[in-house]
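*Asks:*
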Amino acid sequence: MTLGVNIDHIAVLREARKINDPDPLMALGICAQNGADQITIHLREDRRHIHDNDAKKIIASSPVPVNLECSINPDIIDIVCKLKPHRATLVPENRAEVTTEGGLDVIGKSDAISDAIERLHDAQIEVSLFIDPAINAVEQSHALDADMVELHTGHYANIYAMLYSSLPYSHHAIEELDLPRDELKSKLQEALDAIKTSASHARSIQLAVAAGHGLNYQNVKAMVDIDTITELNIGQSIVARSVFSGLASAVKEMKALCQR
Ligand code: PXP
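For the sequence shown, our numbering assigns the number 207 to the initial residue and increments by one for each residue that follows.
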């Protein structure tokens, strides 16, 4: 299983102050030296975290391949074709959302997705589609000539969090909030089954399979056990954990400077 580390959240922290610290560029070496097989970044239309210049520098200097997530907006696709990441992952984008809220509408938006894929392929960029785990979405991704699909694990992560953790991955789209525990357990099984059957169907038609969204230190194991999934893209939980695993040395270093 390969690991793509999504470093957008480092830029989120930087943007909270609108300064240049922390710089997501500084994360590349640390991630690669510690097992990241890929760096994932999202160039959003509103540039709320990663900016064009970050993407340019990250693609130029990353020691591991860069997976650039983006919308199908033709202006963004123009930029991505020039940036030439190893891979583009097409995701739905809604300006009001806090994070990506669902898979691409591969059926309703098929013409626009097909145009984007063709242009990215012409620029020699591999294309993955971020889709909900459903057989028809997998088949449509194949028909649209995608190289890969990334299965949205947010629904699984939300139900898992409601059952086993006090920390939901996201408060959006939680329809099951009031369900009793045994019903939640069968919903979790349904969510897992949807991911498993979508992944094995994708593999059977030669699509590579990644998964991501809301994965964390508690819920990742079930994904690792699905052998038709070969890549996970994880951001929030890794950056959140690094705040606490790095806090002790950061405080110690500052305290040493404060001592006369
Ligand atoms: N995969 C895709 C397509 C995403 O949009 C994101 C979030 O930017 C992730 C994976 C990582 O999700 P998380 O930050 O919840 O781990």
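Even glycine gets a Cβ: it sits at the ideal position worked out from N, Cα and C.
The structure displayed is predicted, hence computed values, not measured ones.
In three-state terms, what does DSSP make of Ile247?
*Replies:* In this structure, Ile247 counts as strand in the three-state DSSP scheme.
*Asks:* With a cut-off of 8 Å, do at least 3 Cβ pairs link the segment 241-250 to the segment 274-282?
*Replies:* In short, these stretches touch, since the Cβ pair count reaches three.
*Asks:* Can you find at least 3 beta carbon pairs, one from the segment 384-392 and one from the segment 322-330, that sit closer than 8 Å?
*Replies:* Result no; under three Cβ-Cβ pairs closer than 8 Å.
*Asks:* Pairing CB atoms from the segment 215-223 with CB atoms from the segment 450-462, are three or more of them under 8 Å?
*Replies:* Short answer: they don't touch.
*Asks:* I need the straight-line Cα distance from His358 to Ile411, nearest angstrom please.
*Replies:* For His358 and Ile411, the distance between alpha carbons rounds to 19 Å.
*Asks:* Would you check whether the ligand PXP has a heavy atom nearer than 8 Å to the C-beta of Val218?
*Replies:* No, the Cβ of Val218 stays beyond 8 Å of every heavy atom of the ligand PXP.
*Asks:* Going by DSSP, what residues sit across from Arg293 in a beta bridge?
*Replies:* In DSSP, Arg293 forms a bridge with Asn273 and Glu332.
*Asks:* Report the partner residues of Asn212 according to the DSSP bridge assignment.
*Replies:* Its beta-bridge partners are Thr246.
*Asks:* Where does Ile440 fall in DSSP's three states?
*Replies:* Correct three-state label for Ile440: strand.
*Asks:* Run the CB neighbour count on Val457, radius 10 Å, all protein chains shown included, and call it buried at 16 or more, exposed below.
*Replies:* Exposed.
*Asks:* Kindly indicate the opening and closing residues of the beta strand (DSSP E) around Met354.
*Replies:* Per DSSP, Met354 belongs to the beta strand (DSSP E) from Met354 to His358.
*Asks:* Would you say the beta carbon of His292 comes nearer than 8 Å to a heavy atom of the ligand PXP?
*Replies:* Not under cutoff, so the answer is no.
*Asks:* If you draw a straight line from the alpha carbon of Lys391 to that of Lys427, how long is it in whole angstroms?
*Replies:* Approximately 16 Å between the Cα atoms of the pair.
*Asks:* Rounded to the nearest angstrom, what separates Ile469 and Ala322 at their Cα positions?
*Replies:* What the structure shows of the chain is the stretch from 207 to 466, and residue 469 is not part of that stretch, so it cannot be assessed.
*Asks:* Within its chain, find whatever has a CB closer than 7 Å to the CB of Thr208; leave out the 5 residues flanking it on each side and keep chain order.
*Replies:* Cβ within range, chain order: Asp243, Gln244, Thr436 and Glu437.
*Asks:* Is the Cβ-Cβ distance between Met429 and Ala414 less than 9 Å?
*Replies:* No, these two residues do not count as a Cβ contact at 9 Å.
*Asks:* Using a Cβ-based criterion (distance less than 8 Å to any ligand heavy atom), does Asn212 qualify as near the ligand PXP?
*Replies:* True, at least one ligand heavy atom lies under 8 Å from that Cβ.
*Asks:* Considering only residues of the same chain and omitting the five flanking positions on each side of Leu289, which have a CB-CB separation below 7 Å?
*Replies:* Excluding sequence neighbours, Leu289 sits near Ala261, Lys262, Ile265 and Leu274.
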